[in-house]
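There are 2 protein chains.
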Amino acid sequence: MSLLEATPELDLVVWPDDRSCDRTWLLGNIPGSTGLVVMLTEKVDSEILDRAGPSLKVVSTMSVGYEHIDLRAAAQRGLRVGYTPDVLTDAVADLSVMLALMTSRNAGIAMAVAKDGQWPNHPWSPFALCGPQLSTMASSPARKAGFLGFGRIAQATLARLVSFGITHCLYSSNPSSPTNHERDAELAKRYNLQSVTKVDIDELARESDFIFVLAPGGHDTYHIINENFLKQMRRTSILINASRGTLVDSDALARALREGWIWGAGLDVVEGEPNVTLDHPLVKEPRCIILPHIGSATLETRRAMAVRAAQNVIAGVLGGNMPAEVDLSGYR
Amino acid sequence: MSLLEATPELDLVVWPDDRSCDRTWLLGNIPGSTGLVVMLTEKVDSEILDRAGPSLKVVSTMSVGYEHIDLRAAAQRGLRVGYTPDVLTDAVADLSVMLALMTSRNAGIAMAVAKDGQWPNHPWSPFALCGPQLSTMASSPARKAGFLGFGRIAQATLARLVSFGITHCLYSSNPSSPTNHERDAELAKRYNLQSVTKVDIDELARESDFIFVLAPGGHDTYHIINENFLKQMRRTSILINASRGTLVDSDALARALREGWIWGAGLDVVEGEPNVTLDHPLVKEPRCIILPHIGSATLETRRAMAVRAAQNVIAGVLGGNMPAEVDLSGYR
Numbered sequence: 001m002s003l004l005e006a007t008p009e010l011d012l013v014v015w016p017d018d019r020s021c022d023r024t025w026l027l028g029n030i031p032g033s034t035g036l037v038v039m040l041t042e043k044v045d046s047e048i049l050d051r052a053g054p055s056l057k058v059v060s061t062m063s064v065g066y067e068h069i070d071l072r073a074a075a076q077r078g079l080r081v082g083y084t085p086d087v088l089t090d091a092v093a094d095l096s097v098m099l100a101l102m103t104s105r106n107a108g109i110a111m112a113v114a115k116d117g118q119w120p121n122h123p124w125s126p127f128a129l130c131g132p133q134l135s136t137m138a139s140s141p142a143r144k145a146g147f148l149g150f151g152r153i154a155q156a157t158l159a160r161l162v163s164f165g166i167t168h169c170l171y172s173s174n175p176s177s178p179t180n181h182e183r184d185a186e187l188a189k190r191y192n193l194q195s196v197t198k199v200d201i202d203e204l205a206r207e208s209d210f211i212f213v214l215a216p217g218g219h220d221t222y223h224i225i226n227e228n229f230l231k232q233m234r235r236t237s238i239l240i241n242a243s244r245g246t247l248v249d250s251d252a253l254a255r256a257l258r259e260g261w262i263w264g265a266g267l268d269v270v271e272g273e274p275n276v277t278l279d280h281p282l283v284k285e286p287r288c289i290i291l292p293h294i295g296s297a298t299l300e301t302r303r304a305m306a307v308r309a310a311q312n313v314i315a316g317v318l319g320g321n322m323p324a325e326v327d328l329s330g331y332r
Numbered sequence: 001m002s003l004l005e006a007t008p009e010l011d012l013v014v015w016p017d018d019r020s021c022d023r024t025w026l027l028g029n030i031p032g033s034t035g036l037v038v039m040l041t042e043k044v045d046s047e048i049l050d051r052a053g054p055s056l057k058v059v060s061t062m063s064v065g066y067e068h069i070d071l072r073a074a075a076q077r078g079l080r081v082g083y084t085p086d087v088l089t090d091a092v093a094d095l096s097v098m099l100a101l102m103t104s105r106n107a108g109i110a111m112a113v114a115k116d117g118q119w120p121n122h123p124w125s126p127f128a129l130c131g132p133q134l135s136t137m138a139s140s141p142a143r144k145a146g147f148l149g150f151g152r153i154a155q156a157t158l159a160r161l162v163s164f165g166i167t168h169c170l171y172s173s174n175p176s177s178p179t180n181h182e183r184d185a186e187l188a189k190r191y192n193l194q195s196v197t198k199v200d201i202d203e204l205a206r207e208s209d210f211i212f213v214l215a216p217g218g219h220d221t222y223h224i225i226n227e228n229f230l231k232q233m234r235r236t237s238i239l240i241n242a243s244r245g246t247l248v249d250s251d252a253l254a255r256a257l258r259e260g261w262i263w264g265a266g267l268d269v270v271e272g273e274p275n276v277t278l279d280h281p282l283v284k285e286p287r288c289i290i291l292p293h294i295g296s297a298t299l300e301t302r303r304a305m306a307v308r309a310a311q312n313v314i315a316g317v318l319g320g321n322m323p324a325e326v327d328l329s330g331y332r
């Protein structure tokens with residue numbers, strides 16, 4: 001806000017509440033705007049853009065995704081679209097490691113024991129609440145981290161896992177893109193790993209101790225984590241999804257957890273979110289940790305995203321270079 | 001068990017249930033034993049040792065702590081005592097990092113939103129569920145990790161934090177022991193930290209973004225985290241305790257959380273555990289993550305502890321070198 005307020009060319013009209021913007025408020029206030037700043041929660045379609053009128057130059061979203069914006073409609077009207085990639089890499093990588101630890105350590109079940117006042121009645125035994133350990137140790141010296149998708153966030157997650165003693169990295173990514181052997185060798189050397197290897201998705205399922213799903217959503221990856229994949233995983237292996245809910249078949253995962261095909265799952269995203277209610281097959285699975293899509297939810301990251309969104313809208317209105325602009329050339 | 005079963009000199013008498021051993025069962029079965037394997041949950045006092053009789057040579061506990069064993073009584077009877085240090089270092093360091101992440105990311109509140117079916121009704125706003133980020137990032141490039149106690153587990157925790165971009169390490173430890181400048185310089189170099197510095201406890205409170213309590217229990221550290229300490233911490237700082245509950249004054253911590261002196265707390269131990277019920281001042285604090293003392297609870301670590309405990313009792317009975325023997329010379 002301070003960046004926007006310090007730009008004398010702008011008159012600001014600001015949704016006053018600390019919750020998602022009402023669509024009727026937006027429709028009522030947008031006519032004559034030159035720039036629009038939105039969140040993932042605001043659907044930006046032809047109706048909104050037409051209501052804004054020909055003065056509108058730019059739509060700036062405070063998110064790395066832009067599936068809520070009709071890019072074709074924006075391109076047809078000659079608009080520019082800004083977004084906030086990169087700045088949330090660290091926050092999502094942190095969350096991925098947190099979910100791996102929480103799932104392996106049965107954090108959901110363990111927290112409930114204390115929060116429900118059941119600690120005094122909880123029977124202690126040598127293997128109560130035990131799960132597979134993320135860290136290597138002398139008596140268990142190998143650990144394989146698998147990644148479905150191996151972009152910036154996956155590599156930032158790998159960097160964090162190295163200090164837990166991970167020894168091997170497997171990844172599966174777009175089969176049509178060539179394997180970057182040089183980059184993989186460099187990563188193995190930098191992190192002192194025994195190997196960094198691109199594998200097919202079946203080998204990823206079979207060989208990984210921890211699998212991190214960090215690939216884009218959309219048609220190509222829809223339900224890529226399905227019954228076939230989950231059945232190939234090990235009984236002590238763990239699945240983490242911090243990308244998009246559509247990559248995981250929730251019914252297949254619920255069955256995998258119920259029947260013990262895998263150890264557990266940690267999810268920051270669920271297909272159909274936020275409509276995930278008590279009757280959802282994953283919500284009551286004790287070995288499933290579910291978070292309500294808080295991947296980028298840190299004070300530092302959201303501030304950085306807000307700064308980027310403000311810079312984008314200012315540059316779009318004034319005709320300068322936007323720090324992160326969506327390439328709309330394919331839609332024109 | 002397989003190690004014990006493979007030792008022909010031993011006749012095994014084994015408590016049959018997967019819960020703490022009944023004392024009456026133990027008293028009834030111990031007469032004439034040569035060795036005794038126990039957990040933290042079994043109190044080994046003069047009554048137990050007298051009932052065992054003069055045949056008893058060794059008590060082996062599957063734990064790093066041995067406060068449940070009357071060491072004086074054991075020494076007076078000429079017994080040896082085995083324990084399981086070191087093997088749980090990695091598991092507790094993992095848990096310390098997990099608690100830091102969970103506290104900073106509001107994992108308790110966030111999980112409850114999903115598990116209670118409230119995700120559809122949870123209002124989204126740019127800073128909802130946000131907390132201070134563990135990782136550094138371009139717009140927030142410095143992070144100070146503080147340690148109260150700087151032994152093996154603290155240093156293993158530091159090693160893990162390095163990959164999250166921690167820039168400074170502060171620690172406070174036994175004031176009477178000299179500062180190990182050489183070791184600190186070596187750590188700073190190995191982890192590419194701007195500094196590794198021994199500080200007094202007030203500076204530790206004032207300067208740290210994350211404070212990890214990883215010091216021994218007992219009289220010298222009783223309530224060392226008190227109102228005075230907590231009032232000096234920053235409003236965005238986080239306290240983690242994975243050592244012993246007695247180090248933290250629970251009432252002072254509850255007040256600190258209620259009144260916003262600090263951001264949050266993550267506890268694997270609570271004074272008076274396991275008698276921590278719904279009326280405990282920390283149980284209902286939303287910014288307090290409580291786990292029921294699962295620091296060493298991983299399959300790999302508990303297996304390694306079991307192996308060590310078996311090796312200790314075998315060596316104690318047969319008169320060999322125990323892998324980890326408690327020094328009882330001060331009690332004889």
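The listed protein sequences correspond, in order, to chains A and B.
Its first residue numbered 1, the first sequence is counted upward by one per residue in the working numbering.
Its first residue numbered 1, the second sequence is counted upward by one per residue in the working numbering.
Ideal Cβ placement from N, Cα and C applies to all residues, glycine included.
Spatial distance of residue i from residue j (CA atoms)
i	j	result
Gly260 of chain B	Gly35 of chain A	38 Å
Ile224 of chain A	Gly149 of chain A	11 Å
Thr136 of chain A	Val326 of chain A	42 Å
Arg152 of chain A	Phe212 of chain A	13 Å
Gly319 of chain B	Leu79 of chain B	11 Å
Gly32 of chain B	Leu12 of chain B	12 Å
Ala154 of chain B	Val283 of chain B	26 Å
Gly28 of chain B	Val313 of chain B	20 Å
Met39 of chain A	Leu158 of chain A	29 Å
His181 of chain B	Arg302 of chain A	39 Å
Ala145 of chain A	Leu10 of chain B	42 Å
Lys115 of chain B	Gly82 of chain B	43 Å
Ser243 of chain B	Met233 of chain B	20 Å
Glu42 of chain B	Phe127 of chain A	16 Å
Ile238 of chain B	Ser329 of chain A	47 Å
Gln133 of chain A	Ser2 of chain A	46 Å
Thr277 of chain B	Leu26 of chain A	48 Å
Val64 of chain B	Lys189 of chain B	31 Å
Leu230 of chain B	Asn192 of chain B	29 Å
Gly217 of chain A	Leu161 of chain B	30 Å
Ile201 of chain B	Asn226 of chain B	11 Å
Leu253 of chain B	Met98 of chain A	24 Å
Chain-ordered neighbours of residue i on chain A, where CB pairs are closer than 9 Å
i	result
Asp18 of chain B	Pro123, Ser125, Pro126, Phe127 and Ala128
Met233 of chain B	Within 9 Å Cβ-Cβ: nothing; Met233 of chain B doesn't reach chain A, min ~17 Å.
9 Å Cβ cut-off: residues of chain B touching residue i
i	result
Leu253 of chain A	Within 9 Å Cβ-Cβ: nothing; Leu253 of chain A doesn't reach chain B, min ~14 Å.
Thr197 of chain A	None at all; the shortest Cβ gap to chain B is about 21 Å.
Asp94 of chain A	Leu101, Ser104, Arg105, Gln133, Leu134, Ser135 and Phe164
Under 8 Å by beta carbon: chain A residues contacting residue i
i	result
Gly62 of chain B	The sequence given here places Met at residue 62 of chain B; Gly does not occur at that position. The contacting residues are Pro126.
Pro120 of chain B	Pro274, Asn275, Val276 and Thr277
Pro292 of chain B	Ala110, Val113, Ala114, Trp119, His122 and Leu129
Run of the beta strand (DSSP E) containing residue i, from where it starts to where it stops
i	result
Lys144 of chain B	Lys144 to Leu148
Leu4 of chain B	Element bounds for Leu4 of chain B: not the beta strand (DSSP E) but the alpha helix (DSSP H), Ser2 to Glu5.
Leu266 of chain B	Correcting the residue type first, residue 266 of chain B is Gly in the shown sequence and not Leu. Gly266 of chain B -> beta strand (DSSP E) spans Gly264 to Leu267.
Gly35 of chain A	Gly35 to Val38
Run of the alpha helix (DSSP H) containing residue i, from where it starts to where it stops
i	result
Ser172 of chain A	Element bounds for Ser172 of chain A: not the alpha helix (DSSP H) but the beta strand (DSSP E), His168 to Ser172.
Ile109 of chain B	Ala107 to Lys115
Val162 of chain A	Arg152 to Val162
Ile48 of chain A	Ser46 to Ala52
Ile314 of chain A	Leu299 to Leu318
Contact list for residue i against chain B, beta-carbon separation under 8 Å
i	result
Glu300 of chain A	Pro132, Gln133, Met137, Ser139 and Ser140
Within chain A, the residues that residue i reaches when beta carbons sit closer than 7 Å
i	result
Val213 of chain B	Going along chain A, no residue has its Cβ under 7 Å from Val213 of chain B, so there is no contact; the nearest lies around 17 Å.
Ala310 of chain B	Ordered by position in chain A, no residue passes the 7 Å Cβ test against Ala310 of chain B, which lies about 12 Å from the chain.
Cross-chain neighbours of residue i in chain B, by beta carbon under 7 Å
i	result
Ala159 of chain A	Ser163
Thr41 of chain A	Trp124
| task | May I have a chain-ordered list of the beta strand (DSSP E) segments no shorter than 3 residues that lie completely inside the region 56-97 of chain A? | result | Counting only runs of 3 or more, we get 58-61 and 80-82.
| Does the region 41-49 of chain A come close enough to the region 68-84 of chain A to have 3 or more Cβ pairs within less than 8 Å? | Below 8 Å, enough C-beta pairs join the region 41-49 of chain A and the region 68-84 of chain A to call them touching: three or more.
| query | Within the chosen definition, does the region 158-175 of chain B reach the region 102-113 of chain B through at least 3 CB pairs nearer than 8 Å? | reply | No, because fewer than three Cβ pairs between the region 158-175 of chain B and the region 102-113 of chain B fall closer than 8 Å, the two stretches do not touch.
| Is the region 112-130 of chain A touching the region 54-63 of chain A, taking contact as three or more C-beta pairs under 8 Å? | At 8 Å Cβ cutoff, the stretches do not touch.
| task | Can you check the region 197-253 of chain B for any beta strand (DSSP E) of at least 3 residues that lies completely inside it and give the ranges in chain order? | result | The qualifying runs are 210-213 and 238-241.
| message | Any contact between the region 85-95 of chain A and the region 287-305 of chain A? By contact I mean 3 or more CB pairs, one from each, below 8 Å. | response | Three or more Cβ pairs closer than 8 Å define a contact, and the region 85-95 of chain A meets that threshold against the region 287-305 of chain A.
| field | the region 262-274 of chain B in contact with the region 244-252 of chain B per 3-pair CB rule at 8 Å | value | Touching, per the Cβ criterion.
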